[in-house]
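FYI, in the UniProt record's numbering the residues of the sequence shown are 1 to 425.
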Amino acid sequence: MAHYQSMGSIPPKRHTQHRRPAGRGKTGELYYEELMGEEGFSSDSSLLYHRNVPSTIVDAQVWDIGDLSTTPNHPLKPLHLQPHALFDSAKAIKDTDVVTGRRLLLGNGDVRISYAVAGAPSPWYRNGIGDECVYIERGAARVETVFGAFEVAQGDYIIIPRATTHRWIPKRSTKNPLRAYAIEGNSHIAPPKRYLSKYGQFLEHAPYCERDLRMPEGPLLAEDIGDRADEQTDVYIKHRGSGPASSGGIVGTIHTLPFHPLDVVGWDGCLYPYVFNVRDYEPITGRVHQPPPVHQVFEGWNFVVCNFVPRKVDYHPLSVPVPYYHSNVDSDEVMFYVEGDYEARKGSGIKQGSISLHPGGHAHGPQPGAAEASIGVEYFDELAVMVDTFRPLDLGEGGRACDDGKYHLSWSGGRTREGSDFSIG
1 MAHYQSMGSI PPKRHTQHRR PAGRGKTGEL YYEELMGEEG FSSDSSLLYH RNVPSTIVDA
61 QVWDIGDLST TPNHPLKPLH LQPHALFDSA KAIKDTDVVT GRRLLLGNGD VRISYAVAGA
121 PSPWYRNGIG DECVYIERGA ARVETVFGAF EVAQGDYIII PRATTHRWIP KRSTKNPLRA
181 YAIEGNSHIA PPKRYLSKYG QFLEHAPYCE RDLRMPEGPL LAEDIGDRAD EQTDVYIKHR
241 GSGPASSGGI VGTIHTLPFH PLDVVGWDGC LYPYVFNVRD YEPITGRVHQ PPPVHQVFEG
301 WNFVVCNFVP RKVDYHPLSV PVPYYHSNVD SDEVMFYVEG DYEARKGSGI KQGSISLHPG
361 GHAHGPQPGA AEASIGVEYF DELAVMVDTF RPLDLGEGGR ACDDGKYHLS WSGGRTREGS
421 DFSIG
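Right, dumping it as structure tokens:
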């Protein structure tokens, strides 16, 4: 995010002495400057000022990050995943956290899509592979980072840059636990370039702008939240490696720090986590049906994130408001149906909480009868998060476990090759 922010205590000039004031620990001792930067020294960065040497660790252990293996979608089929079924035990939810409890649904070499329903605080965590974009389907949580803290709730996206140390603390609720949809890139995740000026400002045609972004409340120090500043702390790190096949080339390490990670007294720059709520997205509409790129909200390397929000729809007198059939020649399309009544999927078994995969090579579109039924409709009350990838997606263990096994037959009314029928929905 390329607009400048400054929080807490920083020196007037970068890379110069910044010392503790009188009455703050060891008076006159230097703070330790850390540059967090993208693409080496060639892109956005921020400078953070630590009380402790940020490289210090006293132990390193293996973190078994679980099954991240993937299986090809072969034979090629559109799929209907039901991730709510992965977390149907109240006791399991109570003990699950957003970091270690994620279940991998879909993934490839560019992006991994996971789901978690969490009731427990996460460990301190750093993704050393790429940025994370986490969408809050339901519930609420406090997210504490070295840049400051956020209160997140239903409809929030939180963008967390690569290598940002943070943790998740869900708001306890048996009726409305935290439901998180995690999009992990092997790259950076940012607003689409076409929304930005050459200097990084949102342009007038963008569907959201800087005013819609929430910055961290900070800086946040350990003693501010009742944690001891000098206590040893484990930080779980996800990084690249040559682990077992089940890890998908991703491995984990636990670094033990001799102090609490919340030791940043100030920072400034253009790289930091932020929150954007989907209800602040202003939909782009037209006289006839608009293609998915008008719904784009973020992009990463070889994938994009879009959201379909409640909106007025096509107003040409002969318009057909639901999507036309289209072949995903270059991409796989993943749709997470969050709220509302998704017109194009009626009769398919898709409902709130469902995830569909429409793979490249297969023509897809509305269910039979949906196009005719949509004529004359002026408003769609729907909310969905879509990820389009430009390399094929494979199924993770969570995806394999919650596939309904029959969605590919929904356009034929459940009719199989032999002519036998079974119910869809």
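Think of the CB as a built atom: it goes at the ideal place given N, C-alpha and C, for glycine as much as any other residue.
Around the beta carbon of Pro177, 16 or more other beta carbons sit within 10 angstroms, so the residue counts as buried. When the alpha-carbon of Gln290 is set against those of Tyr272, His316, Glu299, the nearest one is in His316.
In the three-state reduction of the DSSP assignment, Asp224 falls in the helix class, which pools H, G and I.
One alpha carbon belongs to Arg142, the other to Arg287, and they sit about 42 Å apart. Each of Asp394, Val152, Cys133 was checked against the Cα of Val297, and the nearest Cα belongs to Cys133. Beta-bridge partners of Ala182 (DSSP): Ser114, Val134.
Collapsing the DSSP output to three states places Tyr195 in a helix. For Gly218, the CB contacts under 7 Å within the same chain, skipping 5 residues up- and downstream, are Met7, Gly8, Phe147, Gly148, Ala149 in chain order. Val278 has its alpha-carbon roughly 30 Å from the corresponding atom of Ser410. Under the three-state reduction of DSSP output, Val377 falls in the coil class, being neither helix nor strand. For the beta strand (DSSP E) assignment, the uninterrupted runs of no fewer than 3 residues enclosed by the segment 286 to 341 are, from N- to C-terminal side, 296 to 300, 303 to 308, 332 to 340. Taking C-alpha positions only, Ile93 is separated from Tyr157 by approximately 21 Å. Each residue's CA atom was taken as its position, placing Glu378 and Gln367 some 19 Å apart. Straight-line spacing of the CA atoms in Glu231 and Gly266 works out to 21 Å. If you ignore the 5 residues before and after Val152, its C-beta comes within less than 7 Å of the C-beta of Ile136, Ala140, Ala141, Val143, Ile158, Val275, all in its own chain and listed in chain order. Ranked by how close their Cα comes to the Cα of Ala163, the residues Pro310, Thr416, Ser45 have Ser45 in first place. Note that the segment 347 to 357 does not touch the segment 60 to 72; fewer than 3 beta-carbon pairs, one per stretch, sit closer than 8 Å. If you draw a 10 Å sphere on the C-beta of Lys193, you find fewer than 16 other C-beta atoms in it, and that means exposed. Per the coordinates, the alpha-carbon of Lys175 lies some 14 Å from the alpha-carbon of Gln154.
Contact between the segment 84 to 100 and the segment 329 to 348 is absent, with fewer than three C-beta pairs closer than 8 Å. A straight-line Cα-Cα distance of about 51 Å links Glu372 and Asp64. Judged by DSSP in its simplified three-state form, His50 adopts strand.
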